[in-house]
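A short worksheet on the structure shown next.
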Amino acid sequence: MTFEQLVFILISAVTLGTGLIVVTYKNLFHAALAMMASFLGVAALYVMLDVGFMAAAQLLVYIGAISILIIFAIMMTRRVMDTQESPFNSQPGLALFTAVISFALIVAVLVQFWPLAVDATRVFGSKPILPASVFQGSIPALGYAFVSAAGYVLPFEIASMLLLAALIGAVAIAWPTSEEEEA
Amino acid sequence: MIPLSWYLIVAAALFCIGLYGVIARRNIVAILMSVELMLNAVNINLIAFWRYRTLIDANAPQSTGLAWAIFVLTVAAAEASVGLALAISIYRRRDTVAAEEISTLRN
Numbered sequence: 001m002t003f004e005q006l007v008f009i010l011i012s013a014v015t016l017g018t019g020l021i022v023v024t025y026k027n028l029f030h031a032a033l034a035m036m037a038s039f040l041g042v043a044a045l046y047v048m049l050d051v052g053f054m055a056a057a058q059l060l061v062y063i064g065a066i067s068i069l070i071i072f073a074i075m076m077t078r079r080v081m082d083t084q085e086s087p088f089n090s091q092p093g094l095a096l097f098t099a100v101i102s103f104a105l106i107v108a109v110l111v112q113f114w115p116l117a118v119d120a121t122r123v124f125g126s127k128p129i130l131p132a133s134v135f136q137g138s139i140p141a142l143g144y145a146f147v148s149a150a151g152y153v154l155p156f157e158i159a160s161m162l163l164l165a166a167l168i169g170a171v172a173i174a175w176p177t178s179e180e181e182e183a
Numbered sequence: 184m185i186p187l188s189w190y191l192i193v194a195a196a197l198f199c200i201g202l203y204g205v206i207a208r209r210n211i212v213a214i215l216m217s218v219e220l221m222l223n224a225v226n227i228n229l230i231a232f233w234r235y236r237t238l239i240d241a242n243a244p245q246s247t248g249l250a251w252a253i254f255v256l257t258v259a260a261a262e263a264s265v266g267l268a269l270a271i272s273i274y275r276r277r278d279t280v281a282a283e284e285i286s287t288l289r290n
């Protein structure tokens, strides 16, 4: 077991452990804080994959924006979910069964294709060692790919339209109705 | 040295944790949080495959995997904003955020 593998196992344990807290805790605010920790673990996994750009985007978008949005929503809808009530609906056992079976199936399939041990002779068996210039070059390449006609300019523009629609839609949906304004 | 399958297994575990949350949770906001976990798991997969495939073509870095991950991030942001606006709107009108009490479309 190398140092890198130890670090990976530690990060994964934090990510999955806090993920379990997110789906089981009764107190939603604590669950949201655990979700931020889980996002941080995912960002650390990106760093281990030498993708610092994605780690930074993860920090900004997920921890910086989405988590804060979710915490706002929890605070605005707080008082209805009192602590006496169960955080689960009527079928947590069935849900656990589904999740465990899905996980077992996915793992059973993927170990057929990708080895669990480092095996440089197989495709994807080991992580390719690359010079730093390749990673530095990948970010400008991504930028050019987003705005070039041969790349992703159409999905890029559609994504901007999607964000605009989501922005307007969120305002329109959350806008108080006329009766509520009078009350 | 970490084999690719370790990343895939961690991503699968995170995805199934999120799946459990989506199915079992009562609160709409908690369901949205579980969906975010699932989207994160998908992103780990995309980035891991992108990183490991550069072995095949190391001289020309392709940005396909990164671009996909960024698009997933964008859609996740849009989904979170609209979903939370819906949660707040439902709470205003019906005074609840429990998923099983929002059954207007049932029968």
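If you're matching them up, the sequences are chains A and B in order. Counting in our numbering, the first sequence runs from 1 upward without gaps. Counting in our numbering, the second sequence runs from 184 upward without gaps. The beta-carbon is built from N, C-alpha and C at its ideal position, and this holds for glycine as well.
If you compare the alpha carbons of Ser67/A, Ser38/A and Phe3/A with that of alanine 13/A, the shortest gap goes to Ser38/A. With contacts defined by Cβ atoms closer than 7 Å, alanine 43/A and leucine 59/A form a contacting pair. Spatial neighbours of tyrosine 235/B in its own chain (CB-CB distance under 6 Å, excluding positions within 5 residues in sequence) are listed in chain order as Leu187.
The alpha-carbon of alanine 174/A is positioned some 5 Å away from that of alanine 268/B. By the criterion of a C-beta distance shorter than 6 Å, alanine 259/B is surrounded in its chain by Leu222, once the five residues flanking it on both sides are discounted. In this structure, DSSP gives arginine 208/B an extended state, which the three-state scheme calls strand. Contacts with chain B at 7 Å (Cβ-Cβ) do not include methionine 1/A. Going by DSSP, valine 51/A is part of no alpha helix (DSSP H) at all; its letter is neither H nor E.
Excluding sequence positions up to five before and after isoleucine 106/A, its CB lies less than 7 Å from no other CB in the same chain. Ranked by Cα distance from alanine 99/A, the options Thr177/A, Ala150/A, Val23/A and Pro176/A are led by Val23/A.
A direct Cα-Cα distance of roughly 32 Å separates leucine 191/B from phenylalanine 72/A.
Taking a Cβ-Cβ threshold of 8 Å, the residues of chain A close to arginine 208/B are Val23, Pro87, Phe88 and Asn89, in chain order. For chain B, the residues of the segment 31-50 of chain A that bring a beta carbon within less than 8 Å of one of its beta carbons are Ala31, Ala32, Met35, Ser38, Phe39, Val42, Leu45, Tyr46, Met48, Leu49 and Asp50, in chain order.
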